[in-house]
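Only one structure is covered here, and it is reproduced in the block below.
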Amino acid sequence: MMRRLLALLLVSLSLPALADEFSLPVSFSRFQHAEDLGDAAIVDGHLKIIILSSRGIGRCHITPDANTWPRTVEIFFPGLTEIEELRLKTKRLSSTGSRKQSGRFAFEFIDATVDAKKDPPQAVPTPPAGTLDIQVTKDAGGIVVKLPAKLLAGKETLELAWVDWFRG
Numbered sequence: 146m147m148r149r150l151l152a153l154l155l156v157s158l159s160l161p162a163l164a165d166e167f168s169l170p171v172s173f174s175r176f177q178h179a180e181d182l183g184d185a186a187i188v189d190g191h192l193k194i195i196i197l198s199s200r201g202i203g204r205c206h207i208t209p210d211a212n213t214w215p216r217t218v219e220i221f222f223p224g225l226t227e228i229e230e231l232r233l234k235t236k237r238l239s240s241t242g243s244r245k246q247s248g249r250f251a252f253e254f255i256d257a258t259v260d261a262k263k264d265p266p267q268a269v270p271t272p273p274a275g276t277l278d279i280q281v282t283k284d285a286g287g288i289v290v291k292l293p294a295k296l297l298a299g300k301e302t303l304e305l306a307w308v309d310w311f312r313g
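Numbering of the sequence shown is given in the numbering used here, commencing with residue 146 and proceeding in unit increments.
Encoded structure:
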């Protein structure tokens, strides 16, 4: 745990700490594991999010503190060497893919009229609405996920879930 905190501190220090730019522009909640950590900063107009995943598998909710998301968002998972599944969900859409599907994540629109707790799931899954250019690349220090410009809008929450390697 202490090693993870130190790693987050070191990665955070690598972000430019300009007084007018640096702030915690998002709030993290509902981490699957208590030892998972998140940090974020606006760097050159882009939102850089860092997620330290203690087990390589996890999920969290990320909400902008301002009334809207920046145009571009990048998520960095230091220490991970692979992403076999990455799920992103907002109130408008859901998308799933992996590093091998970089640039072509399938997505579907969320039906706001369906109550997932009351309505039974469809017997036949609906085909994807299309693909999103979500870029997932391996970096020397971990995995980098670049979301398409303007994918996130307004004050909506991003539900993020990840699996580095499937365990069998």
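For each residue, glycine too, the CB sits at the ideal point set by N, CA and C.
Original post:
Does the beta-carbon distance from Leu277 to Phe254 come in below 9 Å?
Top reply: Contact flag unset, no.
- Going by C-alpha distance, which of Leu303, Gln280, Leu225, Leu297 is nearest Ser199? Leu225
* Asked: Hey, how far is the Cα of Thr282 from the Cα of Glu219?
  -> 11 Å
(message) Along the chain, where does the beta strand (DSSP E) containing Pro223 start, and where does it finish?
(response) 218 to 223
- Task: Reducing DSSP to helix, strand and coil, say where Gln246 ends up.
- Result: In this structure, Gln246 counts as helix in the three-state DSSP scheme.
Next on the checklist: Across the region 209 to 219 and the region 232 to 247, are there enough close Cβ pairs to call them in contact, namely three or more that are closer than 8 Å?
Outcome noted: In short, these stretches do not touch, since the Cβ pair count stays below three.
In the DSSP output, what is Ser174 paired with across the bridge? His206
Cut-off 8 Å between Cβ atoms - residues of its own chain near Thr258, not counting five sequence neighbours on either side: none
**Request:** Taking Phe244 and Ile228 to be in contact with their CB atoms under 8 Å, please state how far apart those CB atoms are, rounded to whole angstroms.
**Result:** What sits at residue 244 in the sequence shown is Arg, not Phe. Indeed they touch by this definition, with Cβ atoms about 5 Å apart.
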